[in-house]
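Heads up, the thing below is written out as structure tokens.
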Amino acid sequence: MVDVRLESIVKRFPRGGDTPAVDDVNITVNDGEFFTLLGPSGCGKTTTLRMVAGFYFPTSGTISFGDDDVTRRPPNKRDTGMVFQNYALFPHLTVEQNVAYGLKTRKVARGRIAPRVSEALEQVHLSGYSKRRIDQLSGGQQQRVALARALVIRPQTLLLDEPLSNLDAKLREETRTEIRRIQREAGTTSLYVTHDQDEAMAMSDRIAVMEAGRVQQLGTPTEIYHRPANRFVATFIGRSNVLALPVEHAAETEIEVRLPGGATARAAAPQGHGLGVGDTAYVSIRPEYVQLAPPRTPGAASGVVKEVEFTGMTSTVTLEVGDLTLMAKTIDMPGTVFVGDAVGVVLPAERLWVVQP
Ligand code: ADP
Ligand code: MG
Numbered sequence: 001m002v003d004v005r006l007e008s009i010v011k012r013f014p015r016g017g018d019t020p021a022v023d024d025v026n027i028t029v030n031d032g033e034f035f036t037l038l039g040p041s042g043c044g045k046t047t048t049l050r051m052v053a054g055f056y057f058p059t060s061g062t063i064s065f066g067d068d069d070v071t072r073r074p075p076n077k078r079d080t081g082m083v084f085q086n087y088a089l090f091p092h093l094t095v096e097q098n099v100a101y102g103l104k105t106r107k108v109a110r111g112r113i114a115p116r117v118s119e120a121l122e123q124v125h126l127s128g129y130s131k132r133r134i135d136q137l138s139g140g141q142q143q144r145v146a147l148a149r150a151l152v153i154r155p156q157t158l159l160l161d162e163p164l165s166n167l168d169a170k171l172r173e174e175t176r177t178e179i180r181r182i183q184r185e186a187g188t189t190s191l192y193v194t195h196d197q198d199e200a201m202a203m204s205d206r207i208a209v210m211e212a213g214r215v216q217q218l219g220t221p222t223e224i225y226h227r228p229a230n231r232f233v234a235t236f237i238g239r240s241n242v243l244a245l246p247v248e249h250a251a252e253t254e255i256e257v258r259l260p261g262g263a264t265a266r267a268a269a270p271q272g273h274g275l276g277v278g279d280t281a282y283v284s285i286r287p288e289y290v291q292l293a294p295p296r297t298p299g300a301a302s303g304v305v306k307e308v309e310f311t312g313m314t315s316t317v318t319l320e321v322g323d324l325t326l327m328a329k330t331i332d333m334p335g336t337v338f339v340g341d342a343v344g345v346v347l348p349a350e351r352l353w354v355v356q357p
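Residue numbering for the sequence shown follows the UniProt record's numbering, beginning at 1 and increasing consecutively.
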């Protein structure tokens with residue numbers, strides 16, 4: 001197995017306009033790691049993955065697998081397994097014929113194909129299905145065949161482009177757990193692409209959050225969730241509140257901000273935040289950490305309930321605090337908070353985090 005290194009990768013398409021589709025991406029996927037490119041549609045995920053696969057060559061920059069520079073090497077010389085959103089299986093062939101395909105094109109000796117195919121089908125828990133035609137399988141089973149077909153060639157790296165998008169919600173969750181189990185057992189260095197933040201958080205060792213061709217933040221799921229680097233990451237991952245507030249005091253890794261109505265709140269800030277008294281700070285807080293209190297609770301800001309949305313285990317409450325709008329997620333029983341209620345709003349210091357604009 002190997003690590004996969006992308007250094008200063010830029011991709012411009014002919015007639016692609018002024019902004020590159022991928023703009024100075026630097027990523028190292030460690031040996032055996034499950035690494036995800038996460039971002040909205042059009043941010044450059046597929047283009048990046050296709051450069052790693054060899055379907056596109058970068059305009060500039062270097063891609064290497066271990067010590068091997070593969071930047072301008074064609075796909076069939078790269079030893080990568082690829083899984084696509086639409087499975088790209090042959091519908092009229094059987095499961096085993098589909099899985100055997102990559103071995104045949106690689107000229108693996110006839111006698112060694114059958115055992116390799118059964119091993120791959122075992123990996124994805126489809127041993128009993130080898131003689132079925134693809135069009136006799138469910139979507140989830142088809143995607144596992146696609147995974148077996150990628151794994152059967154024992155690739156150094158596994159590349160997956162939104163492989164779960166065509167499955168319904170429940171199957172999507174089951175299949176993501178399966179993919180991760182299979183990847184862990186095989187130990188294959190994996191680069192995964194999705195626009196779904198839950199999926200990325202649940203599956204990944206590390207994530208690169210992308211927007212407009214650039215990596216906005218690279219880190220573990222917990223780092224990205226609790227310490228988003230900027231507004232984009234904070235709001236893209238789990239819909240954080242980001243409040244623009246005047247700075248009252250500033251220290252090295254903490255600031256104090258003023259809320260409408262005069263209450264103050266402390267927020268953790270990254271080293272070198274550069275904020276001073278009177279500046280506007282962008283402070284993030286997740287809805288689940290915004291606390292509701294009785295009106296006129298000392299130290300709390302005064303708010304009014306604008307909307308209550310019951311979503312099962314939690315309710316999402318939209319609050320107005322002066323000219324700010326923020327969301328709170330509560331697990332309290334519905335029927336205790338009503339539109340028009342005056343409430344106290346508490347923003348706990350340990351949950352407030354300063355982000356870049
Ligand atoms: P994502 O997979 O994140 O949705 P893509 O990598 O497919 O994004 O696309 C990134 C950007 O590059 C988009 O603006 C898209 O329109 C553009 N793009 C992708 N492929 C091509 C192409 N073959 N020619 C021109 N522009 C392209
Ligand atoms: Mg894509």
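We put the CB at the ideal spot given by N, CA and C, even for glycine.
Rounded straight-line distance, which links the Cα of residue 236 to that of residue 52: In the sequence shown, the residue the question calls residue 52 occupies position 52. In the sequence shown, the residue the question calls residue 236 occupies position 236. When rounded, the distance between both Cα atoms is 25 Å.
Any non-hydrogen atom of the ligand MG within 7 Å of residue 193 CB: Working through the sequence shown from its first residue, we reach residue 193 at position 193. For the ligand MG, at least one heavy atom lies less than 7 Å from the Cβ of residue 193.
Proximity test, residue 45 beta-carbon vs the ligand MG heavy atom, cut-off 7 Å: Here residue 45 refers to the residue found at position 45 when the sequence shown is read from its first residue. In terms of side-chain proximity, the C-beta atom of residue 45 is found nearer than 7 Å to a non-hydrogen atom of the ligand MG.
Those residues which DSSP pairs with residue 329 across a bridge: Along the sequence shown, one-based indexing puts residue 329 at 329. Within the DSSP bridge table, the entry for residue 329 names 316 as partners.
Same chain only: Cβ atoms within 8 Å of residue 26, ignoring 5 sequence neighbours per side: Against the sequence shown, residue 26 aligns to sequence position 26. Within its own chain, the residues whose Cβ lies closer than 8 Å to the Cβ of residue 26, once the five positions on either side in sequence are excluded, are 6, 7, 8, 9, 215, listed in chain order.
Bounding residues of the alpha helix (DSSP H) (the contiguous stretch that carries residue 263): Working through the sequence shown from its first residue, we reach residue 263 at position 263. No alpha helix (DSSP H) holds residue 263; DSSP gives it neither H nor E.
Any non-hydrogen atom of the ligand ADP closer than 7 Å to residue 21 Cβ: One-based indexing of the sequence shown puts residue 21 at position 21. The answer is yes for residue 21.
Runs of beta strand (DSSP E) lying entirely within the stretch 196 to 248, each at least 3 residues, in chain order: List check, beta strand (DSSP E) in window: 206 to 211, 214 to 219.
Same chain, Cβ closer than 6 Å to residue 331, neighbours up to 5 away in sequence not counted: Start at 1 with the first residue of the sequence shown, and residue 331 comes out as number 331. Contacts found: 314.
Whole-number beta carbon distance between residue 193 and residue 49, since they are thought to touch under 8 Å: As a first step, residue 49 must be located in the sequence shown, where it is residue number 49. As a first step, residue 193 must be located in the sequence shown, where it is residue number 193. Contact between residue 49 and residue 193 holds, with the beta-carbon distance rounding to 5 Å and staying under 8 Å.
Contact set for residue 297: own chain, Cβ-Cβ below 8 Å, skip 5 residues either direction: The count along the sequence shown starts at 1 and reaches residue 297 at position 297. Around residue 297: 344, 346.
Of the listed residues 130, 85, 152, nearest to residue 106 (C-alpha basis): Counting from 1 along the sequence shown, the entry for residue 106 is found at position 106. From the listed residues 130, 85, 152, the smallest Cα separation to residue 106 is found for 152.
Contact test: residue 162 Cβ vs the ligand MG heavy atom, cutoff 7 Å: Stepping through the sequence shown from its first residue, residue 162 is reached at position 162. At least one heavy atom of the ligand MG is nearer than 7 Å to the Cβ of residue 162, so yes.
Distance CB(residue 47)-CB(residue 22) smaller than 8 Å: Within the sequence shown, residue 47 is the residue found at index 47, counting from 1. Within the sequence shown, residue 22 is the residue found at index 22, counting from 1. Yes, these two residues count as a Cβ contact at 8 Å.
Local conformation of residue 162 per DSSP, three classes: Taking the sequence shown and counting its residues from 1, the one referred to as residue 162 is at position 162. Of the three classes helix, strand and coil, the one that applies to residue 162 here is coil, per DSSP.
Residue 57 and residue 78 closer than 8 Å at C-beta: If you number the sequence shown from 1, residue 57 lands on position 57. If you number the sequence shown from 1, residue 78 lands on position 78. Against a cut-off of 8 Å, the Cβ pair of residue 78 and residue 57 comes out as no contact.
Residue(s) in a DSSP beta bridge with residue 55: Position 55 of the sequence shown, counting from 1, holds the residue named residue 55. Partner(s): none; residue 55 has no beta bridge.
Cβ-based burial, residue 271 [other Cβ within 10 Å; buried from 16]: Translated into the one-based positions of the sequence shown, residue 271 becomes position 271. By the 10 Å Cβ count, residue 271 comes out exposed.
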